[in-house]
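Each remark here refers to the structure printed beneath this line.
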Amino acid sequence: MRRPAVAAAVTLLTALAGGCGNGEMPDADRQPATITVSATIAPKGVTVSPSRIGAGAITLLASNQTPRSQRLELRSARLPAGGHMLVQDTGPINPGATAFLKADVRAGSYVVSARGSTIATATLGVGPTRSAQDDGPAP
Numbered sequence: 042m043r044r045p046a047v048a049a050a051v052t053l054l055t056a057l058a059g060g061c062g063n064g065e066m067p068d069a070d071r072q073p074a075t076i077t078v079s080a081t082i083a084p085k086g087v088t089v090s091p092s093r094i095g096a097g098a099i100t101l102l103a104s105n106q107t108p109r110s111q112r113l114e115l116r117s118a119r120l121p122a123g124g125h126m127l128v129q130d131t132g133p134i135n136p137g138a139t140a141f142l143k144a145d146v147r148a149g150s151y152v153v154s155a156r157g158s159t160i161a162t163a164t165l166g167v168g169p170t171r172s173a174q175d176d177g178p179a180p
C-alpha cells in the first residue's frame, strides 16, 4: 500500500516541477561575463589590450617587463557621472612576473599606470555596459 502513495507523490512533484519554466533565465537578468584585459609594464610605457571595452567586470592581468619591481594602478581619469572614483592597484610585481586585479568598470576613461614611476601611462576606454550575449570590446 505504501508504494502507490510514494509513486503518486513522485508523479505530483514531477508535474509541479515541470510547470516551473524551462530552467533558463531571461537574458536581461544575466550579468555579462568577466573579461580579461592584458596590461604590460615596459620601460617605454604601459600598454593595455584591448584598449576599448564595454562596462562590466574585468580582470586586469599585468606583466612586468622592466628590470625593477612595479605596481600596476587602474584609476578613473575623472569622476564618473553620479559615481565614485575608482583607484585599484596590484601588489609589487617582480621583473618578469605577473599579477592581476579585479574591477567593475563603468563607462568612462581609465588610466593604467606603473604606480610611482615615470613610465608612460595607457588609457582604457570603457563604453556602455556589455550585454550577456556580447562580452567583447565595445565598438
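Last residue of the sequence shown: number 180 in this note's numbering, and the count goes up by one each step with no gaps. Glycine is no exception: its CB is placed at the ideal position from the N, C-alpha and C atoms. The structure displayed is predicted, hence computed values, not measured ones.
Hey, does residue i have any beta-carbon neighbour from chain D nearer than 8 Å?
i	result
P84	The chain inventory of the structure shown lacks chain D, comprising one protein chain alone.
When every heavy atom of the ligand ATP is checked, does at least one fall within less than 7 Å of the C-beta of residue i?
i	result
R116	Inclusion of the ligand ATP in the displayed structure is not the case, the ligand content being empty and no account of it being possible.
Does the Cβ-Cβ distance between residue i and residue j come in under 8 Å?
i	j	result
I76	A144	no
S117	Y151	yes
Q111	I94	no
P108	P73	no
G166	S92	yes
V146	A96	yes
Residue i lies in the beta strand (DSSP E); which residues open and close that run?
i	result
A80	76-83
R93	93-105
T170	163-170
L142	139-146
Q129	128-130
T159	Note, T159: premise wrong, no beta strand (DSSP E); not H, not E.
Thinking residue i and residue j are a contact (beta carbons under 8 Å), I'd like their distance in whole angstroms, please.
i	j	result
L113	D130	6 Å
V87	A140	The pair is not a contact, with the Cβ atoms about 13 Å apart (cut-off 8 Å).
L115	V153	6 Å
R71	A173	4 Å
A155	K85	Not a contact, Cβ separation roughly 11 Å.
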